[in-house]
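Taking this note's numbering, the leading residue of the sequence shown gets 16, the next gets one more, and so forth. Using N, Cα and C, we set each Cβ at its ideal position, and we do this for glycine too. Report on one structure; see the data block that follows.
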Amino acid sequence: MKIRYFDHAATTAVAEEVKKEMLPYFCENYGNASSLYDLGKKSKEAINIARGKVARAINAKPEEIYFTSCGTESDNLSLKGIAKAYRKKGNHIITSVIEHPAILNSCKSLENEGFRVTYLNVDKNGFINLQDLKNAINKDTILISIMMANNEIGTIEPIEEISKIAHQNNIIFHTDAVQAIGNIKIDVRKMGIDALSMSAHKFYGPKGVGALYINENVKFIPIQDGGHQEFDKRAGTENVAGIVGLGKAIEIANNEILDYNKKLLDLRKYFLQRIKIIPYIQINGDLENRLSGNINISFLFTNNKDIITELNKKGICVSAGSACSSGEIRTSHVLSAIGLSEGIARGTIRITLGKENTKEDIDYLVDSLEEIIKNLRIQM
Ligand SMILES: *Cc1c(COP(=O)(O)O)cnc(C)c1O
């Protein structure tokens, strides 16, 4: 059966060009980048080229880029590493209630170590309130971490305004840009970003490799002890093939960003037009400041587990709008935060469009949904 994939916020397929660049680093150029002979130097060189590509893509300096194992590690390292380096200055951190668990749980862990964390609420579209942010700041605030774009509802936060407020108060600003890379043009200098997390598998690169930008003027303490890799900031033998893949993937993503967004916006518009044939639906989140491929939609009087099971029978992959763990679907913290009732959240799915989707895929998706929703509602 043909697979129709609409879950690009969960992960993406590795692009062919990316795979091609990675292949030589498995069996031919397999040297350890720390080794002094030519085979090792080849790996080191490949890492440096990738570092340059990442830096160029976000207007950072190469020496401000650190490779990690994933977005989760980048989030952990930036929050914990920065918090610990500035502990003498203060112990207060500000974030939002709709962050990814990598941020929320890093904050929980820091709270256990004596830091204080303020979790800002969001409005019905998922935006933080800038006045709330200003009010939350006190003399102990050392770090603000607000995601660039939300993974469930696609909301794009007002990053430049947030960074301005942070800097007026001499506070470091980190953003989880895992969903934003390839979708939003990022210039860390213009946008005033001090630290930024990314993950290759969210932009057609391989799984298991991420990167972290930390401005040269920001201090951070490593959280993993070991060798001298990554400027003494992230120990462990580098995932050379993965890093090469990340570099190639971000280069492509940046080159294609305009066409990519246009394509996804057109497809989304088409979906939103066609989906109107189904009654009792609701689109969640803002439609303006939103990732172009994100659709978060509630089908009233249904439940998402059944929708996903039935779509899967037709080869369609979508995600629950609610966090799913061990087969059990709980109400998502993001949907609760934007005020969705449990009943409506239960019938919510997330559709995230990507490169390989076509109008024909959308037709198939909408036709399938129409049939499935009708049947589910009859059974209810
Ligand atoms: C996927 C994701 C992460 C985690 O990245 P991994 O590489 O899967 O660990 C963090 N933040 C956001 C917003 C994400 O979407």
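Measuring only the C-alpha atoms, how far is residue i from residue j?
i: residue 361; j: residue 336; result: 8 Å
i: residue 236; j: residue 247; result: 10 Å
i: residue 358; j: residue 366; result: 19 Å
i: residue 208; j: residue 35; result: 32 Å
i: residue 45; j: residue 334; result: 37 Å
i: residue 302; j: residue 159; result: 26 Å
i: residue 154; j: residue 286; result: 48 Å
i: residue 282; j: residue 109; result: 36 Å
i: residue 111; j: residue 56; result: 43 Å
i: residue 297; j: residue 355; result: 11 Å
i: residue 42; j: residue 84; result: 21 Å
i: residue 163; j: residue 200; result: 11 Å
i: residue 103; j: residue 275; result: 45 Å
i: residue 305; j: residue 191; result: 15 Å
i: residue 295; j: residue 317; result: 10 Å
i: residue 173; j: residue 299; result: 19 Å
i: residue 225; j: residue 25; result: 15 Å
i: residue 212; j: residue 193; result: 6 Å
i: residue 144; j: residue 123; result: 22 Å
i: residue 390; j: residue 382; result: 13 Å
i: residue 105; j: residue 230; result: 20 Å
i: residue 326; j: residue 139; result: 28 Å
i: residue 66; j: residue 392; result: 52 Å
i: residue 37; j: residue 270; result: 19 Å
i: residue 130; j: residue 223; result: 29 Å
i: residue 170; j: residue 141; result: 6 Å
i: residue 150; j: residue 175; result: 18 Å
Hey, could you find the ends of the alpha helix (DSSP H) residue i is sitting in?
i: residue 178; result: 174–183
i: residue 119; result: 116–127
i: residue 87; result: 86–100
i: residue 40; result: 39–42
i: residue 155; result: Looking at the DSSP string, residue 155 is not in any alpha helix (DSSP H), and its letter there is neither H nor E.
Can you give the beta carbon distance from residue i to residue j, rounded, assuming they're within the 8 Å contact cut?
i: residue 196; j: residue 157; result: The Cβ separation is near 26 Å, so there is no contact.
i: residue 59; j: residue 262; result: About 14 Å; that fails the 8 Å criterion.
i: residue 27; j: residue 217; result: 6 Å
i: residue 267; j: residue 314; result: Actually they do not touch by this definition, with Cβ atoms about 35 Å apart.
i: residue 255; j: residue 64; result: Contact flag wrong, Cβ pair sits at about 11 Å.
i: residue 349; j: residue 168; result: 6 Å
i: residue 19; j: residue 376; result: 5 Å
i: residue 372; j: residue 82; result: The Cβ separation is near 30 Å, so there is no contact.
i: residue 399; j: residue 385; result: The structure shown has nothing for residue 399, since the chain only spans 16 to 395.
i: residue 290; j: residue 364; result: Wrong, their Cβ atoms sit about 11 Å apart, outside the cutoff.
i: residue 180; j: residue 135; result: In fact, because the Cβ distance is near 12 Å, the residues do not count as touching under 8 Å.
i: residue 79; j: residue 72; result: Incorrect: roughly 12 Å between the Cβ atoms, too far for contact.
i: residue 75; j: residue 228; result: 5 Å
Hey, could you find the ends of the beta strand (DSSP E) residue i is sitting in?
i: residue 66; result: Not the beta strand (DSSP E): residue 66 falls in the alpha helix (DSSP H), residues 53–73.
i: residue 166; result: Per DSSP, residue 166 belongs to no beta strand (DSSP E) and is neither H nor E.
i: residue 132; result: 131–135
i: residue 191; result: 187–191
i: residue 107; result: 107–111
i: residue 81; result: 80–83
Please list, in chain order, all residues of the same chain as residue i whose beta carbon is under 6 Å from its beta carbon, the five residues on each side excluded.
i: residue 221; result: 29, 215, 257, 260
i: residue 114; result: 162
i: residue 177; result: 161
i: residue 280; result: 307
i: residue 184; result: 152
i: residue 7; result: Since the displayed the chain opens at 16 and closes at 395, residue 7 lies outside it and no answer follows.
i: residue 40; result: 255, 256, 259
i: residue 77; result: 66, 67, 70
i: residue 17; result: 330
i: residue 198; result: 306
i: residue 396; result: There is no way to answer for residue 396, as the model of the chain reaches only from 16 to 395.
With a threshold of 7 Å on Cβ separation, who are the neighbours of residue i within its own chain once the five nearest residues in sequence on each side are excluded?
i: residue 96; result: 235, 236, 237, 238
i: residue 23; result: 308, 367, 368, 369
i: residue 100; result: 234, 235, 236
i: residue 137; result: 111, 112, 113, 143, 352, 353
i: residue 132; result: 108, 110, 122, 125, 126
i: residue 166; result: 24, 115, 194
i: residue 319; result: 335, 336, 337, 344, 361, 362, 363, 364
i: residue 380; result: 19, 21, 331
Within a Cβ cutoff of 8 Å, which residues of the same chain sit near residue i, ignoring the five residues on either side of it in sequence?
i: residue 118; result: 90, 94, 110, 160, 162, 191
i: residue 47; result: 55, 58, 252
i: residue 394; result: none
Could you give the uninterrupted runs of the alpha helix (DSSP H) lying entirely in the stretch 195–278, keeping only those of 4 residues or more? Counting only runs of 4 or more, we get 203–206, 244–247, 255–270.
Ignoring anything shorter than 4 residues or poking outside the stretch 358–393, list the alpha helix (DSSP H) runs there in chain order. none
Please list the segments of the beta strand (DSSP E) lying wholly inside the stretch 287–355, counting only runs of 3 or more residues, in order along the chain. 296–298, 309–314
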